[in-house]
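S.K.: In terms of this note's numbering, the sequence shown has 100 at position 110, counting the first letter as 1, and numbering is strictly consecutive.
All residues carry an ideal CB built from backbone N, CA and C; glycine is no exception.
Could you have a look at this structure, given as C-alpha cells, before my questions?
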Amino acid sequence: MLRVFIAFLLLCLFTVRVSPALAQSLIYESGGVLTPELAATNVHYYDLDIKVNPADSTVLGSVEVHFHVVNPSNRIELALDPRLAITGIERIKHTETTHLRYIRSDTTRTFYVYFNQTLQPGSSEILRIHYEGKPRVAPRAPWDGGMVWAKTPSGDPWVGVAVQGNGAWLWWPNKDHPSDRPDSVAINITMPDDLVVASNGRLRGETVPEEGWKTWHWFVSTPISNYNVTLNAAPYEIISEPYESITGEEFDITFWVLPEYLEKGKKLFPQFAEQMRFMEMVAGPYPFRADKYGVVHSPYLGMEHQSIIAYGANFENNNLFGIEAGFDDLHQHELAHEWWGNLVTAWDWRDFWLHEGFGTYMQPLYAEHIAGKEVYREMMSYIRTRIIDETDREVAPRESMSSLEITRGTRGGNVYFKGAWFLHTLRYLVGDDLFFTTLRRFAYPDPAMEEVTDGSHMRYATTDDFLYTVEAVTGMELGWLFDVYLRQPVIPELYATRRTGYVRLQWIVPEGYRFPMPLEVAIDGEVVTLVPERSGVISFEVPDHIEVEVDPNNWILKNVRLGFEGE
C-alpha cells in the first residue's frame, strides 16, 4: 500500500517529459477567453532566475510567481511549454516551503496548481516553479516565435527570444493572459562569462556563481507584458549617450551592437535620439525614463521589448516601405511601440490594432515631419496597397481573441495597415489640431501623468476607450466611424456617377450602418467640402467641361465604383 501511495504522490507532483512529436500538436498562441482559474489571480511580481546555455540550447532555473487572490479558488492556471519539464512547484509562506500538486498535459500550454484549501480574496501567495529543458526554437522570428540560437559573424553565440504572437510560456512559466501585467519583474540570467546579457529595465549588478559563468541582474520597475520580457546575449559592444526628455529628466539611450557592426551602429545611433524627440512631441514623454531606452542588435528583424527593443535590420534607412523617406523606419516603428503597446496596452488581443495600427501610422507621420507632405502621402499610398478587402474579419472584434486569432491570415495585416489608414482618415475628419491633441491624451489622459515614472501612468485600453478619448477631445459623435472601419470588415464604397450637367456621389456601407463622411471635391482645381444627405448621397451641378476630382488628397479609406450615364 505504501508503494502505491508513493507512486500516486510522485505522479501528482511531477510530470513526464514530452516528446517532440507530441509538442508539435500544441497551438502556439497566447491569451483568449479569461477562464475562472485565470481570473482568480492578479500577478504583481515575477522573479526569473534562469541559466541559459548556448552550447546545448537549454534553460534551467526557476520562476517565482507572486500574486494576489481575487476570487475564491483552490487551484490556479499557469502556462509553460510541455517540452519544458517542471521539476517541482513550491509554495513559499513566510519561512515555510511546501510542495504543491499540479496537473499538466502534453498537448496544451496550460497547467493547474492545486492548494489544499480554498484561497480567499485579499490573500497573497508566492509560488516557485522549477523547470528545465530545450525551449522551442523560433521557426520564423519574430512572427513565429521562440528562442533564437544564432552565431555572430565571428562564430560566437548570439542569443535572442521573440514570443509576442505565441506567448512567453514558450520559455518561462507565467500567467498567460494580456490582461494581467506584473507591476515589476526581476530578470536574473546566467550565461557564459564571455557574453554580454542585455534585458529589460535597469542593470542592478553582475555576480559570478561559478567559474566561466556570470549572472546579470536586471530589474523592471514598471508594469510589463509577459511577451516583452526578453534576453539578448552576444559579445556586444555598447554605445550610450544621455538624452534629455521634454520633462527635463535625463536617461540613457544605449545601443548593444555586435563588434563587427560597431561602426555602422555609431552611424545609425544619432537617429535614435532624433526619433525619440519626435515621439515625445507627438505622444508625450518617453514612458520608461526610470529605466532606460535600449536598443539591442538581434538575430531577427525586430520587436518592441519594453526599454530594450530588438533591432535586426541592416543599419540602413527605408527598411519597411521601400520608399526613400530618409530614416530607419524599422527602428521608428519599434520605438513607437513604447507608447502604443507598452505604455498603452490592449487588455485583450481583440484590440491589438491599438498597438500595430498606431505603431505603423507613426512612420508616415515621421516621414512628413522630416521630408514633407508628399512623402507622407506616398507612404500612405503604399499602406493602402497592403489593406485586404475583407468580408468576415473585422479589425477590432468585440469578442475575446487569442493572439493567433487576431494575427493570422488577412486580418493580421489589416490590424497594421487598415488600422493606420483609419487614423489617417480620422485625422482628416477632425483636423490636425484636434487629432494630435487626441494622440497625446490617449497616451496620457491627464497631463499630470506625463510627470510620473513609477508605473502608475501605464494602463490598459480598448477600442472603446480610444473612441471616448476622440469624442471627449473633439466634441464630435464618432461611433459611426469606428463601427464602419473597425467593428465590421467591409470598406465603404463610393459610387460615383457623372451625368450631363451634374455629379452624383453616394456612400454605400453594409445595412444597419451609417456613414455621414464629408467629402472633399476639387471642382476645376478649387477644393470644397460637401456633406452627404442622410441617404449618403452628395450631388451637385457642374458643367461637363469642368474637371472634377473626388478626395484629391486621398484621405478617406474607400473603394470607388464608377457609374455611367443612364444608370
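Tell me which residue opens and which closes the beta strand (DSSP E) that residue 161 is part of.
M.R.: Here residue 161 corresponds to residue number 171 of the sequence shown, with the count starting at 1. Segment: none, residue 161 is in no beta strand (DSSP E) and carries neither H nor E.
S.K.: Excluding five sequence neighbours on each side, which residues of the same chain lie with their C-beta closer than 7 angstroms to the C-beta of residue 361?
M.R.: Stepping through the sequence shown from its first residue, residue 361 is reached at position 371. Counting only Cβ-Cβ distances below 7 angstroms, and skipping sequence neighbours, we find 315, 316.
S.K.: List, from N- to C-terminal side, the alpha helix (DSSP H) runs of 4 residues or more that fit wholly inside the stretch 348 to 379.
M.R.: You should have 363 to 375.
S.K.: Is the beta carbon of residue 614 sitting closer than 9 angstroms to the one on residue 186?
M.R.: Because residue 614 is not part of the residues shown, which for the chain are -9 to 557, the question remains open.
S.K.: Can the beta-carbon of residue 245 be found less than 9 angstroms from the beta-carbon of residue 228?
M.R.: Here residue 245 corresponds to residue number 255 of the sequence shown, with the count starting at 1. Here residue 228 corresponds to residue number 238 of the sequence shown, with the count starting at 1. Yes, the pair counts as a contact, with Cβ atoms nearer than the cut-off.
S.K.: May I have a chain-ordered list of the beta strand (DSSP E) segments no shorter than 3 residues that lie completely inside the stretch 184 to 211?
M.R.: Counting only runs of 3 or more, we get 186 to 189, 192 to 197, 203 to 210.
S.K.: Any contact of the stretch 384 to 393 with the stretch 152 to 170, i.e. 3+ C-beta pairs under 8 angstroms?
M.R.: Output reads yes: the stretch 152 to 170 touches the stretch 384 to 393.
S.K.: DSSP three-state call for residue 481: helix, strand or coil?
M.R.: On the sequence shown, position 491 is the one that residue 481 refers to. Coil.
S.K.: Which residue comes first and which comes last in the beta strand (DSSP E) that contains residue 334?
M.R.: By one-based count along the sequence shown, residue 334 stands at place 344. Counting along the chain, the beta strand (DSSP E) containing residue 334 begins and ends at 334 to 336.
S.K.: Give me, in chain order, the residues of the same chain whose beta-carbon lies closer than 6 angstroms to that of residue 21; leave out the 5 immediate sequence neighbours on both sides.
M.R.: If you number the sequence shown from 1, residue 21 lands on position 31. Contacts found: 167, 168, 339, 392, 393.
S.K.: In angstroms with no decimal places, state the Cα-to-Cα distance between residue 90 and residue 333.
M.R.: What you label residue 90 is simply residue 100 of the sequence shown in a count that begins at 1. What you label residue 333 is simply residue 343 of the sequence shown in a count that begins at 1. Answer to the nearest angstrom: the Cα atoms are 36 angstroms apart.
S.K.: Could you say which of 207, 291, 234 lies nearest to residue 264 if we only look at CA atoms?
M.R.: For this step, residue 264 is matched to residue 274 along the sequence shown. Of the candidates 207, 291, 234, the one whose C-alpha sits nearest the C-alpha of residue 264 is 234.
S.K.: Assuming contact is defined by CB atoms lying nearer than 9 angstroms, are residue 251 and residue 287 in contact in what I supplied?
M.R.: Along the sequence shown, read from residue 1 onward, the residue named residue 251 stands at position 261. Along the sequence shown, read from residue 1 onward, the residue named residue 287 stands at position 297. Yes, the Cβ-Cβ distance between residue 251 and residue 287 is below 9 angstroms.
S.K.: Can you find a C-beta in chain B that's less than 9 angstroms from the C-beta of residue 25?
M.R.: In summary, chain B is missing from the structure at hand, where a single protein chain is found.
S.K.: Hey, would you say residue 36 sits closer than 9 angstroms to residue 59, going by beta carbons?
M.R.: Indexing the sequence shown from 1 puts residue 36 at position 46. Indexing the sequence shown from 1 puts residue 59 at position 69. Not in contact: residue 36 and residue 59 (Cβ atoms no closer than 9 angstroms).
S.K.: Taking contact to mean at least 3 C-beta pairs separated by less than 8 angstroms, is the stretch 67 to 85 in contact with the stretch 107 to 114?
M.R.: No, because fewer than three Cβ pairs between the stretch 67 to 85 and the stretch 107 to 114 fall closer than 8 angstroms, the two stretches do not touch.
S.K.: Residue 415 and residue 546 look like a contact to me (Cβ under 8 angstroms); what is the Cβ gap, rounded to whole Å?
M.R.: Reading the sequence shown from its first residue, position 425 is the one you call residue 415. Reading the sequence shown from its first residue, position 556 is the one you call residue 546. Confirmed, Cβ separation roughly 5 angstroms.
S.K.: Sorted by chain position, which residues of the same chain lie with C-beta nearer than 8 angstroms to residue 134's C-beta, five sequence neighbours on each side aside?
M.R.: Taking the first residue of the sequence shown as position 1, residue 134 is located at position 144. Closer than 8 angstroms at the Cβ level, and outside the excluded window around residue 134, lie 18, 128, 155, 156.
S.K.: May I have the straight-line CA-CA distance separating residue 132 from residue 471, to the nearest angstrom?
M.R.: For this step, residue 132 is matched to residue 142 along the sequence shown. For this step, residue 471 is matched to residue 481 along the sequence shown. If you take the alpha carbons of residue 132 and residue 471, they lie about 32 angstroms apart.
S.K.: State the DSSP-derived secondary structure class of residue 304, mapped to helix, strand or coil.
M.R.: Reading the sequence shown from its first residue, position 314 is the one you call residue 304. Residue 304: coil per DSSP, three-state reduction.
S.K.: Please classify residue 346: does DSSP put it in a helix, a strand, or coil?
M.R.: Position 356 of the sequence shown holds residue 346. If DSSP states are grouped into helix, strand and coil, residue 346 belongs with the helices.
S.K.: State the CB to CB distance for the pair residue 492 and residue 532, rounded to an integer number of angstroms; the pair is presumed to be in contact (CB under 8 angstroms).
M.R.: Here the question's residue 492 lines up with position 502 in the sequence shown. Here the question's residue 532 lines up with position 542 in the sequence shown. Indeed they touch by this definition, with Cβ atoms about 6 angstroms apart.
S.K.: At 4 residues or longer, what runs of the alpha helix (DSSP H) sit wholly inside the stretch 400 to 456?
M.R.: Fully enclosed alpha helix (DSSP H) runs of 4 or longer: 422 to 433.
S.K.: Which of the three DSSP states is assigned to residue -1 in this structure?
M.R.: Locating residue -1 in the sequence shown gives position 9, counting from the first residue. The predicted position of residue -1 is uncertain, since its pLDDT is 36 and thus under 50; no value can be drawn from it.
S.K.: Exposed or buried, which one is residue 436 when buried takes at least 16 other CB atoms within 10 Å?
M.R.: What you label residue 436 is simply residue 446 of the sequence shown in a count that begins at 1. That one is exposed.
S.K.: Throw me the rounded Cβ distance for the residue 431 and residue 453 pair, which I believe falls under 8 angstroms.
M.R.: Here the question's residue 431 lines up with position 441 in the sequence shown. Here the question's residue 453 lines up with position 463 in the sequence shown. With 8 angstroms as the limit, residue 431 and residue 453 do not qualify as a contact, their Cβ atoms being about 16 angstroms apart.
S.K.: Whole angstroms are fine: how far does the CA of residue 148 sit from the CA of residue 290?
M.R.: Numbered from its first residue, the sequence shown carries residue 290 at position 300. Numbered from its first residue, the sequence shown carries residue 148 at position 158. Distance between the alpha carbons of residue 290 and residue 148: 11 angstroms.
S.K.: Count the other C-beta atoms from every protein chain shown that fall within 10 angstroms of the C-beta of residue 30, then say buried if there are 16 or more, exposed otherwise.
M.R.: Working through the sequence shown from its first residue, we reach residue 30 at position 40. Classification for residue 30: buried.
S.K.: Assuming residue 144 is part of the alpha helix (DSSP H), what are its boundary residues?
M.R.: For the purposes of this step, residue 144 is taken as residue 154 along the sequence shown, with counting starting at 1. Premise fails: residue 144 is in no alpha helix (DSSP H) and is neither H nor E.
S.K.: What does a CB cutoff of less than 6 angstroms around residue 412 pick up in its chain, not counting 5 residues either side in sequence?
M.R.: Numbered from its first residue, the sequence shown carries residue 412 at position 422. The residues are 475.
S.K.: CA-CA distance, residue 152 and residue 161?
M.R.: Translated into positions along the sequence shown, residue 152 becomes position 162. Translated into positions along the sequence shown, residue 161 becomes position 171. C-alpha separation (whole angstroms): 10 angstroms.
S.K.: In the DSSP output, which residue or residues are listed as bridge partners for residue 55?
M.R.: Along the sequence shown, one-based indexing puts residue 55 at 65. Note: residue 55 sits in a beta bridge opposite 36, 117.
S.K.: Answer with buried or exposed for residue 447, where buried requires no fewer than 16 other C-beta atoms within 10 angstroms of its C-beta.
M.R.: The residue given as residue 447 occupies position 457 in the sequence shown. So residue 447 ends up on the buried side.
S.K.: Tell me, to the nearest whole angstrom, how far the beta carbon of residue 310 is from that of residue 319; I am working on the premise that it is less than 8 angstroms.
M.R.: Within the sequence shown, numbered from 1, the residue matching residue 310 stands at position 320. Within the sequence shown, numbered from 1, the residue matching residue 319 stands at position 329. That pair is a contact at about 5 angstroms.
S.K.: Under a Cβ-count criterion, where at least 16 other Cβ atoms within 10 Å of its own Cβ denotes burial, should residue 321 be classed as buried or exposed?
M.R.: Your numbering for residue 321 matches position 331 in the sequence shown. By the neighbour-count rule (16 or more Cβ atoms within 10 Å), residue 321 is buried.
S.K.: Using DSSP with H/G/I as helix, E/B as strand and the rest coil, what is residue 42?
M.R.: What you label residue 42 is simply residue 52 of the sequence shown in a count that begins at 1. Residue 42: strand per DSSP, three-state reduction.
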